[in-house]
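Novice: This is the structure I have questions about; it appears just below.
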């Protein structure tokens, strides 16, 4: 369970996660987490709700961008923990945020650089997923080939 980063306790203490605890990052950085903050309520959200949020982000609505900044900073904290622990050469971010990645990225990078000493020595390489449906397989293959070559 060491890779269950979604349950790092760095989120809001107000919302109970599916694991029964509060403060889990996944509770904040999920589809539902974005929409809960945007709509100001906790309910069963639909893809239509997400599409409306994305449309508001792209059209520059202030509240949508406030949510983007808040979520991106939280993502930056999660990424900084991962970088400090594992020192990866590259880190991929993807999933439901693919559509709004360009809006999230600047805040995420800024927050990450504030919290990672490594940023004094080399660039922090955060990329959008290449193919989110195959990313886990790409990462596993890369791991196998790097260890095989060494």
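Numbering (the numbering used here), first residue to last: -17 to 132.
Backbone N, C-alpha and C fix where the C-beta goes; we use that ideal spot for every residue, glycine too.
Given the structure is predicted, the values throughout are model-derived calculations rather than measurements.
In terms of residue numbering, what span does the beta strand (DSSP E) encompassing residue 39 cover?
Specialist: Annotation: residue 39 is outside any beta strand (DSSP E); the continuous alpha helix (DSSP H) that includes it extends over 29 to 40.
Novice: Could you pull out every unbroken beta strand (DSSP E) segment of at least 3 residues lying fully inside the segment 36 to 98, listed in chain order?
Specialist: 73 to 75
Novice: From the DSSP secondary-structure annotation, give me the bridge partner or partners of residue 4.
Specialist: -2
Novice: Among the candidates 83, 36, 14, whose CA atom is the shortest distance from the CA of residue 58?
Specialist: 83
Novice: What does the alpha-carbon distance come out to for the pair residue 21 and residue 72?
Specialist: 33 Å
Novice: Check whether the Cβ atoms of residue -3 and residue 24 sit closer than 8 Å, and answer yes or no.
Specialist: yes
Novice: Name, in chain order, the residues that DSSP records as bridge partners for residue 109.
Specialist: 74
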